[in-house]
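Peer 1:
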Amino acid sequence: MKWYVHLLAAAFLVFATMGDDALYLVVYLTSSRFSRRLRLWNGFIFCAVLQSTVWLSYGAVLLFGKTLSTSDIEPTKKRLASIAAGIGWLLSFFLFLKWCRKRIRKRIRSHDAYAAAFNPVEAVSTDIDTRACLKRNGDYYKTVHSDPDALNISNANYGTLNGDSELGANTVKANESTDLERNGGIILKRHEGENEPENFFEVTSTVLVLAILGALDELCYFPSLLMSETFDVIELSLGALLASIAMVSVLTFALPRVQPLLQFLDSIPLFIIVCTMSIVMTIDAVKANSN
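Under the UniProt record's numbering, the sequence shown has 17 at position 17, and the numbering climbs by one with no breaks.
(1) Assuming Val61 and Pro260 make a contact with CB atoms under 8 Å, what is their CB distance in whole Å?
(2) One question on the structure: do Val248 and Leu29 come within less than 8 Å of each other, judged by their Cβ atoms?
(3) What would DSSP say about Arg33, mapped onto helix, strand or coil?
(4) At which residues does the alpha helix (DSSP H) containing Leu8 begin and terminate?
(5) Going by DSSP in three states, Ser267 sits in which element: helix, strand or coil?
(6) Which residue marks the beginning of the alpha helix (DSSP H) containing Pro223, and which one marks its end?
(7) Are the Cβ atoms of Leu13 and Phe46 separated by less than 8 Å?
(8) For Leu8, which option in Ser244, Leu23, Ile272, Ala254 has the closest C-alpha, if you only look at C-alpha atoms?
(9) Is the closest heavy atom of the ligand COA to the C-beta of Gly86 under 7 Å?
(10) Tell me whether Ala85 is buried or exposed, calling it buried when 16 or more other Cβ atoms sit within 10 Å of its Cβ.
(11) Going by alpha carbons, who is nearest to residue 307 out of Leu226, Asp217, Ala254, Arg103?
(12) When you compare the stretch 78-93 with the stretch 275-284, are there three or more beta-carbon pairs, one atom per stretch, that lie closer than 8 Å?
(13) Tell me whether the beta-carbon of Ser31 lies closer than 8 Å to the beta-carbon of Leu210.
(14) Going by the beta-carbon positions, is the gap between Val233 and Tyr58 smaller than 8 Å?
(15) What are the start and end residues of the alpha helix (DSSP H) that includes Ala254?
(16) Using the rule of at least 16 other Cβ atoms within 10 Å of the residue's Cβ for burial, across every protein chain shown, is Val54 buried or exposed?
(17) Per DSSP, what kind of secondary structure is Thr282 in: helix, strand or coil?
(18) When we look at the beta-carbon of Asn42 and count the other beta-carbons within 10 Å, is it buried (16 or more) or exposed?
(19) Determine the burial state of Val207: buried for a count of at least 16 other Cβ atoms within 10 Å of its Cβ, exposed for fewer.
(20) With H, G and I counted as helix, E and B as strand and the rest as coil, what does DSSP make of Thr53?
(21) Within 10 angstroms of the Cβ of Asp5, are there 16 or more other Cβ atoms? Answer buried if so, exposed if not.
(22) Taking 8 Å as the threshold (C-beta atoms), are Ala10 and Leu219 in contact?
(23) Over the uninterrupted alpha helix (DSSP H) stretch that includes Val233, give me the two end residues.
(24) Count the other CB atoms, across all protein chains shown, that sit within 10 Å of the CB of Val274; report buried if there are 16 or more and exposed otherwise.
(25) With 16 other CB atoms within 10 Å as the buried threshold, where does Ala254 fall?
(26) So the candidates are Gly214, Pro75, Phe44, Arg109; which of them puts its Cα closest to the Cα of Thr276?
(27) Where does Thr276 fall in DSSP's three states?
(28) Which residue's Cα is closest to the Cα of Pro269: Ala81, Arg79, Lys102?
(29) Work out the CA separation of Leu251 and Leu23 for me, nearest whole Å.
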């Protein structure tokens, strides 16, 4: 049989078994909450983990090929399925706590911003020159007590002092409006920044864990394919590479054209996506252990 037929068969087989990976990849590769650079990294991590699975399976066949059999793989498959489901639920719980923390933080920031905007007294008080006021009052006190006739002059100039007061009141009002605008700007910025960019390390590490969990299925049947010589390691490696690139390409270039789908994906918290994947892995674990 031609080598490219083996290659296409391997690619089709691997692609057909990656349905559980699409559950989380569809979000981590298409959602607008992640930058383009981060989405590319997520796709690269997925492809790299799948390639590592192929070569890890090949290493296991080389080390234990003579003693390894299908009867030995089945118990391992059951244990790996249970472990994957447990780790998936732990990761779901971690993402749920992170989601709750973000919502609490947003509420606190919004409350602080509104409080600062509608209580500008503290900010305005710093703009008043208290030393100048004390100096003017002190000079007035000294003038009145040293020269009683100055009191009449002071009363005659009351309109001027009142004008100064009006000017000061206008200054305070201007300061208040400026402070409100300033705090209003803070509110707008806080609201604009509600969708904070996701942390690069947290997202990539989460995708890495999910990719490893999704690759546990392949880790169970790749050694069987290599031991039975259905494919050699080069054919399986290239087939897995083509399948992963095809999966990433479909999710990256085809789905973003469907805007309602993207809006729907952006509205779904990440812990729900991972929880759905954990449910699928739990069902697989129950089926594997019931046989």
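C-beta atoms are modelled at their ideal positions from N, C-alpha and C, and glycine is treated no differently. Note that the coordinates shown come from a computational prediction; the quantities given were computed from them, not determined experimentally.
Peer 2: In brief:
(1) As a first step, residue 61 is located in the sequence shown; it is residue number 61 there, counting from the start. As a first step, residue 260 is located in the sequence shown; it is residue number 260 there, counting from the start. At roughly 46 Å, the Cβ-Cβ gap does not stay under 8 Å, so Val61 and Pro260 are not in contact.
(2) Residue numbering aside, residue 248 sits at position 248 when the sequence shown is read from its first letter. Residue numbering aside, residue 29 sits at position 29 when the sequence shown is read from its first letter. Yes, the pair counts as a contact, with Cβ atoms nearer than the cut-off.
(3) The count along the sequence shown starts at 1 and reaches residue 33 at position 33. If DSSP states are grouped into helix, strand and coil, Arg33 belongs with coil.
(4) Sequence index remark: in the sequence shown, residue 8 carries index 8 (1-based). Looking at the DSSP string, the run of the alpha helix (DSSP H) that includes Leu8 is 3-16.
(5) For this step, residue 267 is matched to residue 267 along the sequence shown. Correct three-state label for Ser267: coil.
(6) Indexing the sequence shown from 1 puts residue 223 at position 223. Segment 200-227, the alpha helix (DSSP H) holding Pro223.
(7) The count along the sequence shown starts at 1 and reaches residue 13 at position 13. The count along the sequence shown starts at 1 and reaches residue 46 at position 46. Not closer than 8 Å, so no.
(8) Translated into the one-based positions of the sequence shown, residue 8 becomes position 8. Here the closest residue by C-alpha is Ser244.
(9) Because no ligand of any kind appears in the structure shown, any question about the ligand COA cannot be addressed here.
(10) In the sequence shown, residue 85 corresponds to position 85, counting from 1. Buried, by the Cβ-count rule.
(11) The first residue shown for the chain is 1 and the last is 291, placing residue 307 beyond what the model contains.
(12) As far as the Cβ criterion goes, the stretch 78-93 touches the stretch 275-284, which means the pair count is three or higher.
(13) By 1-based counting over the sequence shown, the position of residue 31 is 31. By 1-based counting over the sequence shown, the position of residue 210 is 210. No, these two residues do not count as a Cβ contact at 8 Å.
(14) Translated into positions along the sequence shown, residue 233 becomes position 233. Translated into positions along the sequence shown, residue 58 becomes position 58. Yes.
(15) Taking the first residue of the sequence shown as 1, we reach residue 254 at position 254. It is not in any alpha helix (DSSP H) - Ala254 carries neither H nor E in the DSSP assignment.
(16) Here the question's residue 54 lines up with position 54 in the sequence shown. Its Cβ being crowded by 16 or more others within 10 Å, Val54 is buried.
(17) The residue you call residue 282 lines up with position 282 of the sequence shown. Three-state result, Thr282: helix.
(18) If you number the sequence shown from 1, residue 42 lands on position 42. With 16 or more neighbouring CB atoms inside 10 Å of its own CB, Asn42 falls in the buried class.
(19) If you number the sequence shown from 1, residue 207 lands on position 207. So Val207 counts as buried.
(20) The count along the sequence shown starts at 1 and reaches residue 53 at position 53. In the structure shown, Thr53 sits in a helix (DSSP, three-state: H, G or I).
(21) On the sequence shown, position 5 is the one that residue 5 refers to. The displayed chain sequence assigns Val, not Asp, to residue 5. Counting every other CB atom within 10 Å of its CB across the protein chains shown gives Val5 a total below 16, marking it as exposed.
(22) Locating residue 219 in the sequence shown gives position 219, where the first residue counts as 1. Locating residue 10 in the sequence shown gives position 10, where the first residue counts as 1. Not in contact: Leu219 and Ala10 (Cβ atoms no closer than 8 Å).
(23) Your numbering for residue 233 matches position 233 in the sequence shown. Here the alpha helix (DSSP H) through Val233 covers 233-249.
(24) Taking the first residue of the sequence shown as position 1, residue 274 is located at position 274. Flag for Val274 reads buried.
(25) Along the sequence shown, one-based indexing puts residue 254 at 254. Answer is exposed; the Cβ neighbour count stays below 16.
(26) Within the sequence shown, residue 276 is the residue found at index 276, counting from 1. Nearest C-alpha to Thr276: Gly214.
(27) For the purposes of this step, residue 276 is identified with residue 276 of the sequence shown, where counting begins at 1. In the structure shown, Thr276 sits in a helix (DSSP, three-state: H, G or I).
(28) Indexing the sequence shown from 1 puts residue 269 at position 269. If we check each option's Cα against that of Pro269, Lys102 comes out closest.
(29) Position 23 of the sequence shown, counted from the start, is the residue given in the question as residue 23. Position 251 of the sequence shown, counted from the start, is the residue given in the question as residue 251. Answer to the nearest angstrom: the Cα atoms are 11 Å apart.
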